[in-house]
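Q:
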Amino acid sequence: MAAILEIRDLTFTHEGASEPLFRELSLSVEEGQHILLKGPSGSGKSSLLRLICRLAAPDSGIIRYRGTPVSEMPPATLRSRVAYVAQIPRMVDGTLEENLLLPFAFASNARRSAPDRALLERMLDEFYLGGIGLDRPAMKLSTGQQQRVALLRTLLLEPDLLLLDEPTSALDPESAAMVFSIMERLNREKGKTLLTVTHSDYRPEGPQVALYRIENRTLSLQP
Amino acid sequence: MTTSAIIDISTGQLLLALVFILTAQLSSFVFRLGLHRDIAVGTLRTFAQLFLMGYVLTYILHSDSFWLVVGVFAVMVTSAVFIVKGRVNEKQVPYLLPTFITMLLSYFTTAVFVSALIIGSAPWWEPRYFIPAGGMVIGNSMSALAISIERFFRELRQQRETVEMKLCLGADYREASADIFRGAVKAGMIPSINAMMGVGLVFIPGMMSGQILAGADPQVAIRYQIVVMLMLVGSTAVSSVAVMLLIRRRCFGSGEEPLLSPE
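Residue numbers (the working numbering), protein chains in the order written: chain A, 1 to 223; chain B, 1 to 263.
1) Our contact map puts Met207 of chain B next to Gln225 of chain B with C-beta atoms below 8 Å; I'd like the distance itself, whole angstroms only.
2) Quick check on Thr2 of chain B: buried or exposed, where buried means 16 or more other Cβ atoms within 10 Å of its Cβ?
3) Distance, Cα to Cα, Asp172 of chain A vs Val88 of chain B?
4) What residue does the alpha helix (DSSP H) around Tyr65 of chain A start on, and which one ends it?
5) Rounded to the nearest angstrom, what separates Leu119 of chain A and Gln92 of chain B at their Cα positions?
6) Let me know if Arg54 of chain A comes out buried or exposed under the rule of 16 or more other beta-carbons within 10 Å of its beta-carbon.
7) Please list, in chain order, all residues of the same chain as Thr168 of chain A whose beta carbon is under 8 Å from its beta carbon, the five residues on each side excluded.
8) Give a yes or no on whether the C-beta atoms belonging to Val227 of chain B and Val69 of chain B are separated by under 8 Å.
9) Report the rounded CA-to-CA distance for Asp135 of chain A versus Ser220 of chain A, giving the unit in angstroms.
10) Could you give the distance in angstroms between the alpha-carbon of Asp217 of chain B and the alpha-carbon of Ala110 of chain A?
11) Nearest by alpha-carbon distance to Gly86 of chain B: which of B:Phe130, B:Ala116 and B:Ser143 is it?
12) Give the interface partners of Cys168 of chain B over in chain A, defined as CB-CB distance under 8 Å, in chain order.
13) Spatial neighbours of Gln208 of chain A within its chain, please: CB distance less than 6 Å, with the 5 preceding and 5 following residues excluded, ordered by chain position.
14) Which chain A residues sit within Cβ distance under 7 Å of Glu256 of chain B?
15) Cα separation between Leu18 of chain B and Leu50 of chain B?
16) Considering Cα atoms alone, identify which of A:Pro89, A:Ser80, A:Glu126 and A:Asp125 is closest to Phe104 of chain A.
17) Is the number of C-beta pairs between the segment 86-94 of chain A and the segment 152-165 of chain B that are closer than 8 Å three or more?
18) Looking at the unbroken alpha helix (DSSP H) that takes in Lys45 of chain A, where does it start and where does it end?
19) What's the gap between the Cα of Ala17 of chain A and the Cα of Pro123 of chain B?
20) Quick one: residues in its chain with C-beta nearer than 7 Å to the C-beta of Ser148 of chain B, no 5 flanking neighbours on either side, listed in chain order?
21) Which residues in chain B have a C-beta closer than 8 Å to the C-beta of Ala107 of chain A? List them in chain order.
22) Going along the chain, which residues of its own chain have a beta-carbon closer than 6 Å to the beta-carbon of Thr218 of chain A, five neighbours each way excluded?
23) Mapping DSSP to helix, strand and coil, what is Lys166 of chain B?
24) Using the Cβ count rule (16 or more neighbours within 10 Å means buried), how would you classify Asp165 of chain A?
25) Given that Pro103 of chain A touches chain B, what residues does it touch there, using C-beta distances under 7 Å?
26) Are the beta-carbon atoms belonging to Ile6 of chain B and Ala237 of chain B less than 8 Å from one another?
27) Looking at the structure shown, is Ser220 of chain A part of a helix, part of a strand, or coil, going by DSSP?
28) With C-beta atoms as the reference, is Val81 of chain B less than 8 Å away from Phe100 of chain B?
29) If you follow the beta strand (DSSP E) that Ala216 of chain B is part of, which residue opens it and which one closes it?
30) What number of angstroms, rounded off, separates the C-alpha of Ala176 of chain B from the C-alpha of Leu37 of chain A?
31) Given that Glu161 of chain B touches chain A, what residues does it touch there, using C-beta distances under 7 Å?
32) Taking Cβ positions, are Leu149 of chain A and Leu141 of chain A nearer each other than 8 Å?
33) What does DSSP give as the partner residues of Pro69 of chain A in its beta bridges?
34) So is Met1 of chain B in contact with chain A if we call contact Cβ pairs under 8 Å?
35) Given Tyr95 of chain B, which residues of its chain have a CB within under 7 Å of its CB, disregarding the five upstream and five downstream residues?
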């Protein structure tokens, strides 16, 4: 397996903080892997994901996506390949369909063809959102439903690597189970590489799964 | 009725107008609005600045020095930038220099256009036309700019997660902040557009009233006023869009990540 993501000696300090959040952190993610990242609140798990997709800038160190430093990639290109899904899903005013097709209005996605309604309906079924209706206002969906819509919306861009920031922390157990099931399918059946920050006890099985813990400014592989 | 010489306002009569300030202070006191200091300072500044301006204007309007006129114009723009700074209160993004340069260029162009092409004064910088036209453009657009900039920064902070969501779906910083940009520019422009709707019906503009009080033909005063109304909408639109375009880029880092911390 080839490394899709290489992080070397990454140090990051929040603006205004006197101490770095983490120091000289390194991690290699191979194609098809599912990395689970755990650690106490404020240890830097979410910050690490944000650094990978350039929503924040490191003090020092380098992050490479397929060998290219992410700092040298156009941000929109990077983010369509390395997709970040935030902890709290965000919808825009409009229908479910308008929200799902939102990325196709952006210039960097102009070459991609937007999925038609039939395909969207099929995908909604796969994401346990069947029967909701594409014309339903997205803001009226529950947080659990919005989280699945946010995940589906990101996947429509067919990213190589998914960065999931506590995707189930705001969800009830039933919705969380649905999201975990989707994640497992994406990883096992579709071969997507996942880097998931989580507080839960979720631990899928398989040789492609690796658990890391970030604590006291360092990252360590867990058994 | 015949047009007579304009009635002078004596010092005593001028002080009588302070009754209005007393009523404002009374409202502030009774309803605990906390505005008494601002009202007092504003009153003192009105007296001081306008009397000073009166003396300066008397000198400038009779001046034939190009550099003096342009210098006064530059001072007016500089003062306006500091007033905008006072209202916006943003420390994370350096917006003052682009704001100053845009204000100077756009207001100068507007004032030259009005005095040289529409009024046809010769030379184009004739202070009697150039300074009042510039003053109105600066005063009006300054308020619009303060509204636009303040709203843009505030919304960018409040909607940071939505902006990030769009960035993560492939938007560039312009696309991710397009709605906020439009909302901010529109908020600044609405007062000038509303003024065009209400002028002559709801209110009589100060410049026109002043000209008529000073004995000018109302037909001429009206033409000047129409030019002023159109000039203000145009200069507000141009300066707001230009300033916002320049400061928007400064709100995002090299990875097009939002720099303003959430509230």
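Beta carbons are placed, not taken as given, at the ideal position from N, Cα and C, and that holds for glycine. If you're wondering where the values come from, they're calculated on a predicted model, not measured in any experiment.
A: On the basis of the data shown:
1) Between Gln225 of chain B and Met207 of chain B the Cβ distance is about 6 Å, and since that is below 8 Å, they are a contact.
2) Caution is warranted here: a pLDDT of 46 is assigned to Thr2 of chain B, below 50, making its placement in the model unreliable, and the coordinate value is therefore given only provisionally. That one is exposed.
3) 42 Å
4) That residue, Tyr65 of chain A, is in no alpha helix (DSSP H); its beta strand (DSSP E) goes Ser60 to Tyr65.
5) 45 Å
6) Burial check for Arg54 of chain A: the Cβ neighbour count within 10 Å reaches 16 or more, so the residue is buried.
7) Gln147, Ser175, Ala176, Val179, Phe180, Thr198, Ser200 and Tyr202
8) no
9) 46 Å
10) 60 Å
11) Sorting B:Phe130, B:Ala116 and B:Ser143 by C-alpha distance to the C-alpha of Gly86 of chain B places B:Ser143 at the top.
12) Cys53, Leu55, Arg79, Ala83, Tyr84, Val85, Ala86 and Thr154
13) Result list for Gln208 of chain A: Gly32, Gln33 and His34, in chain order.
14) Those are Pro75, listed as they occur along chain A.
15) Approximately 15 Å, taken between the alpha carbons.
16) A:Ser80
17) yes
18) In the DSSP assignment, Lys45 of chain A falls within the unbroken alpha helix (DSSP H) covering Lys45 to Ile52.
19) 58 Å
20) Ala184, Val185, Ala187, Gly188, Ser240 and Met244
21) Simply Asp172 and Glu175.
22) none
23) helix
24) buried
25) Leu169 and Gly170
26) no
27) strand
28) Their beta carbons are under 8 Å apart, which means Val81 of chain B touches Phe100 of chain B by this criterion.
29) Taken as a continuous stretch (DSSP letters only), Ala216 of chain B belongs to no beta strand (DSSP E), as it is neither H nor E.
30) Using only the alpha carbons, I get a separation of about 29 Å.
31) Contact annotation for Glu161 of chain B against chain A: Ala86, Ile88 and Arg90 [CB-CB distance below 7 Å, chain order].
32) With the sequence shown as reference, residue 149 of chain A is identified as Val, and Leu is not the correct amino acid for it. Contact annotation: Val149 of chain A and Leu141 of chain A have beta-carbon atoms nearer than 8 Å.
33) A:Arg64
34) Legend: pLDDT at Met1 of chain B = 43, less than 50; position of this residue unreliable, value from coordinates given subsequently. No, Met1 of chain B lies away from the interface with chain A (no Cβ there is under 8 Å from its Cβ).
35) Ile149, Ile247 and Arg250
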